[in-house]
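J.: Taken in order, these protein sequences are the chains called X and V.
According to the UniProt record's numbering, the residues represented by the first sequence are 1 to 548, in order.
According to the UniProt record's numbering, the residues represented by the second sequence are 1 to 803, in order.
Note that beta-carbon positions come from the ideal geometry of N, C-alpha and C, so glycine has one too.
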Amino acid sequence: MNDGPLIVQSDKTLLLEVEHPKADECRRAIAPFAELERAPEHIHTYRVTPLGLWNARAAGHDAEQVVDALVTFSRYPVPHALLVDVAETMSRYGRLQLLKHPVHGLVLTSSDRPVLEEVLRSRKIIPLVGARVDPDTVVVHPSERGQIKQFLLKLGWPAEDHAGYVDGEAHPIELDETGWALRPYQRQAVEGFWHGGSGVVVLPCGAGKTLVGAGAMATAKATTLILVTNTVSARQWKHELVRRTSLTEDEVGEYSGTRKEIRPVTIATYQVMTTKRKGVYPHLELFDSRDWGLIIYDEVHLLPAPVFKFTADLQARRRLGLTATLVREDGRETDVFSLIGPKRFDAPWKEIESQGYIAPADCVEVRVNLTDHERLTYATAEPEEKYRYCSTTATKQHVCEAIVRMHTGEQTLVIGQYIDQLDELGDHLGAPVIKGDTSNPQREKLFEAFRQGEISVLVVSKVANFSIDLPEAAVAIQVSGTFGSRQEEAQRLGRVLRPKADGRAARFYSVVARDTVDQDFAAHRQRFLAEQGYAYRIVDADELLASD
Amino acid sequence: MSTEQSTAPRTLAEDLRARDDEALSGLLRARPDLLSPVPNDLTQLATRAGTRASVVRALERLDRFTLQTAEAMAVGPDGCDLGVLGALMPDVEAPAVEAAVERLRERALVWGSDERLRLVRTARDMLAPSTGAPSPTGLGPTVAEATSGTSPGRMQELLADAGLPATHDPVSAVASLTALFSDAERMDVLLASAPRGTTEVLGKLTWGPPYGETPDAGRHVRAADAVTPVQWLLARGLLLPSGPGNVVLPREAGLYLRGGRAHRHHEPVPPSVEPVERDPQAVDAAAAGQAFTAVRTVEELLKRWDTGGPAVLRAGGLSVRDLKRTAAALDLSEQTAAFWLEVAFGAGLLASDGDVDEEWAPTPAYDEWRQHPTERRWEQLAAAWLTATRVPGLVGTKDSKGRVLAALGPDLDRSLAAEVRRRLLALLAGLPEGGAAGRDQLLARLRWDRPLRDGADGLREQIMDWTLLEAELLGVTGRGALSSHGRALLSGGHPAPLLAPLLPQPLDHVLLQADLTAVAPGPLVTHLAETLAVAADVESKGGATVFRFTPESVRRALDAGRSASDLHAFLAEHSRTPVPQPLTYLIDDVARKHGRLRVGAASAYLRCDDDALLAELLADRRSSGLGLRRLAPTVLAAQAPPDVLLERLRSMGCAPAAESADGDVLIARADAHRTPPRSAPVPVPEGPPVPDAVLLGAAVKAIRAGDRASTATRRPAVPAPADGGLPRSAAAETLAAMQAAVMVGETVWIGYVNADGAASQRVIAPVRVEGGFVTAYDHTTDEVRTFALHRVTGVAELADEPA
């Protein structure tokens, strides 16, 4: 029994004692292959998964290093079976390789003939491959490069893709680093991505993912297609690109529901790409409309299923995925791995926070006692109405307004799910409301006013969940949400994490009705943040209001 | 009778008589079946050593080379010397052959001097190729055996075609042909004239099986008519008919073609097991970690069944569903869960309770086991596993009747298991400390040590794989190498002291975190583990344990009689870090609701029909801390929690009973469910146990004494009848006398009643006693025939030995 900081559990989770003197060394050793699952204050939990091990292989680590890291830092003997399993899993990656053959084009080769025989026997693989060139090599139809990678991963033999990329149509793009510079971790992320060819960069909200994208474009110096979640986010990208790079307004096009511009750099929304008319996707041709050299997927954890399908056909182009979390509520992490690429860079929130690039946050759950009348109404409400009712009760509104008053003078966002609730709040607070039917120019106008400090309170619906840049929002108050979505919670917290000019901590309030489903959903939503090290304090509304 | 024979033993019994006590002990140790019951004298010992069952057992326990030596002797001439035997095994150094012969001699499978080695007849019959059964050497029957049904005329034809002079009778014809086939030079000449393709035909049969199919088998082919190579060979007797459409290569010809070798490859040296070196410390650490897990798993398993486990199937064992459930609960595979169940069962910690509705439940031995420290508990489990013959790996497989074998069920015993386990671990023990070995090498070595029939060999391979796995699971081995405590276990020592310092020490603290988890970075002291198990859910197990607090778990703790302040104090006491606010809040929040459910602030009430007594209690100064309050004349409310209240009331000399909501008397804790005393299942190893030195010494002494008594008088075992009537002897004596006659090759006088009831006297030379029949040469009719033993009225020795 040595005195290491790591405990290896039988369910393949690794527990890292943070206060241990060797904790940092250990974290560096295990980070390449283990996914950080939870990072509360004392013990961080990492999980060893096949995908994680293959990510490590893709990054050039071998089983020896992994086993060595586990054995060196583990406090108790590591179960032999687990070590064997690690070695066995890792040895599966790269037995099959996709290569460019000078004569036959795209080929699948194997260093281990039985493996090739095994996969070629699979019914899913047969239609994707052509003639057998030699015992170890088989031709793959170039159009099936993505498909075959997906299926091989499912069969447990992930292929290493060395077939290279087309350069695409060249286009001069330079970073314009006047008055700012890429942060060290952003630079590392760009390098990591470029070295790997394709892959995903995981950075917390507010850590400057757009700039990683810009950095990648400046490295590629080629026409770029950027896929983002919605129009607001598309505008933001355009704004940032024009500001931070040598690109001009005219070189960046927007391809959305309202505008259909195709320029050397085109920003398209997921929604327009996945619009289906008469059974076909009319905007799919965007992918083929230019010889793109780089494709950027923003918020890759939200990538809709049809986009995966298109992406499968784009394997010859460089792909960069940007996200705050690899956790997908639909469990399609494997598709991200095989179609976009392995994780190329990862920095935990707390680490970036400690470097001062994102603001520290104080998360508070405010428990509100419903009145007797409200409780009675809640108890007798239809099950499908219960959440709506308890999350929009009048008592909650009062508490919410009280909190806004507490933070008078600070830039405050009130975020909610239900429009009438938001309208009512907007009325009471005298603040503008941004919701689905607010026009884009109006939205941008309000955001700009908020940025400038002309208005200090903004009420937003879930349209503002993603990718809006509100640099000076110091307080966010969440009054209702999309049930238990952990992901939404993370995004909303991200709204206040932009570093503040005066270095203040951000406040994130979640107003929750006690003893209702609201409270249960809140608990679920908060788990993600608690696991990221953002501990929630829980206070009673009465206490909170009394103290001020 | 020559002078030489007077010194050399004539029978196995004589040979044994000449051996010293040490050698006899060796024999009995190697073949313990000979000891049950202890034979009366050496003649009886020799007879028993020659019985088929015993010889089979002895042969099955030989290593591969010794068996090959025995096989070579069986194809060689009876009574050959070491030189002849050496010629049959030309690649092997003479000392190796001598050593093998010595091993056979020790086991009384071979007797006689080195100049005249005799393989026990039964062994010879079994190992030598006969017309019916092919031999392991792949050689066929001798010319004499293969031509036994051939007419004298055909024999002469064969001689003529082989270029040999004609003889007077078939016996000399056979001898002449045998001599030709055994003479390498003459054979070279003969085969030089063979047509093309002959070598290929012979090549196919040389290394066995020596049988071939040909339509020409039945024809009397002459050399002049021979067209094909097969016909050429048939004409010269190099192939002899062995049945319709079948021919056989006679043994002598086979040996010539093999250059005299009895086997294609001889393996005088066991295949080596190359150690894969591991750090001995790492091995011990890994094994200890696993040993700890083993004990904990068994404990967890039995704790689940603490108040009554699943039902026992009517056919015995545990149902598949219950096994699945158990496996899921322990987060193990079904195979592994079955293994732990069997370990607990084998150690006598788990048994059927024997009630009308039979259930599995822990035994009283379990309670005793739990009192011991971890290392002792492990020792008990591992020792039971080492000698067990039950094979958990078979659970879930089907038996020959297609029934699925159930965990804890019948039919899991395989006598091979204990032996394979011991041999395998002994092999690992033979490696330097920290040495692991490749599976295939281990298997090759096991196979050499004890060759088995195909079916048994397959089973052994499975058992070996399971054993490797189980040893690792139990922590007998670590990273494939035998641990130091495993070594002690194997050698019959006490592994516990070696294991103890390697086990992690229980901790008395946990780390509490804001995401409502508690991490115990190691095993916990019992009371802490028990309380946490109530107040939180286990999320992950291993070296550490991760607990998660949920509203349900906190409620559970409150239900179990703990108050919120109890929990706060408990957490504060055992947490190394400050208790996080969300956790404190959670407990208070749940407790708040919990209190509401019970209505009011009282945590207990006191009810009594005698209001005077209640008044007395209220007035008593000792009850001041309980916060008693009178709610009604016969009801008091108390601020103290019920357990404190009960405790205090008891200390005040009252005898309070706790009450449930509807006024029933509450029993604090249900009695744990236990079986009546049960003993652990007894392993069923194949054959009798290996006798210890004391028993051996006594047995040898007894046999010697009996032998002196029987040899001193030198009387015939069965007196010859005086009046010339039918000899009469008891059935058992008849059998023994027949077997003795076979052994010694004696001729005896028997009375026989044929199927029509006609009695006759015969003089026979028994050849074989088998299945109630005696095959013997009948001197009266001059033929070999069989006699039903039950028709033999008796046996007598002849007055004078026939010439």
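If you drop the 5 nearest sequence neighbours on each side, which residues of the same chain put their C-beta closer than 6 Å to that of V:Leu233?
T.: Leu239
J.: Taking C-alpha atoms, which residue in V:Gly542, V:Gly492, V:Phe570 and V:Ile703 lies nearest to V:Leu512?
T.: V:Phe570
J.: So if I threshold CB-CB distances at 7 Å, which residues from the UniProt domain "Helicase C-terminal" (398-548) of chain X count as touching chain V?
T.: Arg527, Ala530, Glu531, Ala535, Tyr536, Arg537 and Ile538
J.: Shorter than 8 Å from the beta carbon of V:Asp515 to some beta carbon of chain X?
T.: yes
J.: Shortest alpha-carbon distance to X:Ala159 belongs to which of X:Val140, X:Asp176 and X:Glu169?
T.: Check the Cα spacing between X:Ala159 and each of X:Val140, X:Asp176 and X:Glu169: the tightest is with X:Val140.
J.: If the criterion is Cβ atoms closer than 8 Å, does the pair X:Ile340 and X:Thr311 meet it?
T.: yes
J.: Could you have a look at V:Val227 and say whether DSSP puts it in helix, strand or coil?
T.: Assigned with DSSP and collapsed to three states, V:Val227 falls in coil, not helix or strand.
J.: Check whether chain X comes within 8 Å of V:Tyr211, counting only Cβ atoms and requiring the distance to be less than that.
T.: no
J.: For X:Pro77, decide whether its Cβ has a neighbour in chain V, counting only Cβ atoms nearer than 8 Å.
T.: Chain V, which has a Cβ nearer than 8 Å to the Cβ of X:Pro77, makes this yes.
J.: Under 8 Å by Cβ, that's how I've got V:Asp620 and V:Met652 pegged, so tell me the actual separation to the nearest angstrom.
T.: So it is a contact: roughly 7 Å between Cβ atoms.
J.: Would you verify that the beta carbon of X:Ile7 is, or is not, closer than 8 Å to some beta carbon of chain V?
T.: yes
J.: Return the residue from the list V:Asp778, V:Val792 and V:Glu783 that minimises the CA-CA distance to V:Gly772.
T.: Residue V:Val792 is the option with its Cα nearest to V:Gly772.
J.: Return the first residue and the last residue of the beta strand (DSSP E) that X:Lys343 is part of.
T.: Lys343 to Asp346
J.: Let me know the secondary structure DSSP gives V:Ser575 once reduced to three states.
T.: Strand, per DSSP.
J.: Tell me, which residues are paired with V:Leu111 by DSSP?
T.: Residue 111 of chain V is actually Trp in this sequence, not Leu. DSSP, once it has assigned bridges, lists V:Arg118 as partnering V:Trp111.
J.: Keeping to the same chain, check which residues put their C-beta closer than 7 Å to that of X:Asp167; ignore five residues upstream and five downstream.
T.: Ala222 and Gly293
J.: Count Cβ pairs between the stretch 10-19 of chain X and the stretch 275-295 of chain X that sit closer than 8 Å; are there 3 or more?
T.: no
J.: So, is X:Asn55 buried or exposed, given that buried needs 16 or more other C-beta atoms within 10 angstroms?
T.: buried
J.: Starting from X:Gly213, trace the beta strand (DSSP E) in both directions and tell me its first and last residue.
T.: Run containing X:Gly213: none in the beta strand (DSSP E); it sits in the alpha helix (DSSP H), Lys209 to Ala220.
J.: How many Å lie between V:Asp609 and X:Ala379 at the Cα?
T.: Counting only the Cα atoms, X:Ala379 lies some 41 Å from V:Asp609.
J.: Roughly how many angstroms separate the alpha carbons of X:His162 and X:Asp3, rounded to a whole number?
T.: 42 Å
J.: Counting only C-beta atoms, is V:Leu24 closer than 8 Å to chain X at any point?
T.: Answer no: the Cβ-Cβ gap between V:Leu24 and chain X never drops below 8 Å.
J.: Give, in chain order, every residue of the stretch 573-584 of chain V whose Cβ lies closer than 7 Å to some Cβ of chain X.
T.: Thr577, Pro580, Gln581 and Pro582
J.: Grab me the residues of X:Trp194's own chain with a C-beta within less than 6 Å of its C-beta, minus the 5 sequence neighbours each way, in chain order.
T.: Thr219
J.: Residues in its own chain within less than 6 Å of V:Pro268 by CB, not counting five upstream and five downstream?
T.: These residues qualify, in order along the chain: Phe65, Val92 and Ala96.
J.: So V:Gly393 contacts chain X; which residues on that side make the cut at Cβ distance below 8 Å?
T.: Ordered by position in chain X, no residue passes the 8 Å Cβ test against V:Gly393, which lies about 16 Å from the chain.
J.: Looking at V:Pro215: is its Cβ nearer than 8 Å to the Cβ of V:Gly140?
T.: no
J.: Output needed in chain order: residues of the stretch 532-547 of chain V with a Cβ under 8 Å from some Cβ in chain X.
T.: When C-beta distances to chain X are compared with 8 Å, the residues of the stretch 532-547 of chain V below that value are Ser540, Lys541, Gly542, Gly543, Ala544 and Val546, in chain order.
J.: Taking the alpha-carbon positions, what's the V:Leu618 to X:Ala23 distance?
T.: 59 Å
J.: Do X:Val18 and X:Ala34 have their beta-carbon atoms positioned less than 8 Å apart in this structure?
T.: no
J.: From what residue to what residue does the alpha helix (DSSP H) around V:Tyr211 run?
T.: That residue, V:Tyr211, is in no alpha helix (DSSP H); its beta strand (DSSP E) goes Tyr211 to Glu213.
J.: I need the DSSP call for X:Lys12, collapsed to helix, strand or coil.
T.: coil
J.: I need the boundaries of the alpha helix (DSSP H) containing X:His449, first residue and last residue.
T.: Per the sequence presented here, residue 449 of chain X reads as Ala, with His not at that position. Note, X:Ala449: alpha helix (DSSP H), Asn440 to Gln452.
J.: Tell me which residues of the UniProt domain "Helicase ATP-binding" (190-344) of chain X have at least one Cβ-Cβ distance to chain V shorter than 9 Å, keeping chain order.
T.: none
J.: Pick from V:Gln371, V:His574, V:Thr550 and V:His494: whose alpha carbon is nearest that of V:Ala529?
T.: V:His574
J.: Measure the C-alpha to C-alpha separation of X:Arg492 and X:Glu299 and round it to an integer number of angstroms.
T.: 14 Å
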